[in-house]
Amino acid sequence: MAKNNWRGIGVDIDHSICDSGPVWDAPMQQFCERVAWECGVSSAEVWGLWRNMNDDIYLTSGGVHPSKYHRMGMRIASKYGLDFERARQWVGEMRRQIYSAVPELYPKTRETLAILREVGLLRIFVTHAPVGLTSMRLRTWGFEEIPAFSESTLRQKDGATWVNAVAKLGLKPQEMIAVGDSWPGDIEAAGKAGITARVWIRPKWKILEGKCKKEEVPTIEDIGQLVQAIIDNFG
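Numbering-wise, the sequence shown is residues 1 to 235 according to full-length UniProt numbering.
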């Protein structure tokens, strides 16, 4: 670590250190099932529409802002002729469940972050989640001492996101390592910020691959492989 002059490491949160899928999908699926039952259509049809809308919004804004789910819910209500007041109530319940739940950390997350601290790296989380949600998660996990930089949830993470995260630690890009599962939002964006030491966590969804060039950076299956990947690929 020392010979590379690294002083800090920025790590993405969702699907990099924790499995956010269950805490998001369960209330989303419940909403879709309620719409399907009320309107007499297939729940699979409504869920498929929801997933497609979610992907389309991700590609344009990348965010998980609460307003995104409100817009999606009301669009679905309009499509199926569901009473707007009832839809608004159901969407509100769904959003409260999503933004009050804390996902489980992936195995080896705590051990990996502890090793990074022990070798002298300043750690920062670089996330796309709302500030309040991020703070609640870090308190629950016991990671309050790790700073978090939360990009606007209304636009994609980009090079400026990582520039700001590096600046928050008072470091230079060449002194940082970037880690995340989104190729455009983490790996490519960090590269645009001047961070050359990057490790890509193979994403859960193909949409996060973007226009990946796997040969450019080390690729790992999970956060537990991070330390060894840094040693093997960067020395």
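Cβ coordinates follow ideal geometry from the N, Cα and C atoms, glycine included. Values in this document were obtained by computation on a predicted structure and should not be read as measured data.
In this structure, I223 and Y106 form a Cβ contact; the two beta carbons are roughly 5 Å apart against a cut-off of 8 Å. In the three-state reduction of the DSSP assignment, A101 falls in the coil class, being assigned neither a helical nor a strand state. Per the Cβ contact rule, the stretch 23-36 is not in contact with the stretch 204-221 (fewer than 3 Cβ pairs under 8 Å). Excluding five sequence positions before and after V91, the CB atoms of its chain that fall closer than 6 Å to its own CB belong to H70 and G73, given in chain order. Using a C-beta cut-off of 8 Å, the stretch 121-131 makes contact with the stretch 165-183, since at least three inter-stretch Cβ pairs fall below that distance. Take C212, set aside five residues on each side of it, and the residues of its chain with a beta-carbon closer than 6 Å to its own are W183, in chain order. Shown here, S78 sits in a helix according to DSSP, grouped into three states. The residues C18 and D19, in chain order, have a CB closer than 7 Å to that of E104 in the same chain once the five nearest residues on each side in sequence are set aside. By the neighbour-count criterion, in which 16 or more other beta carbons inside 10 Å mark a residue as buried, D181 falls on the buried side.
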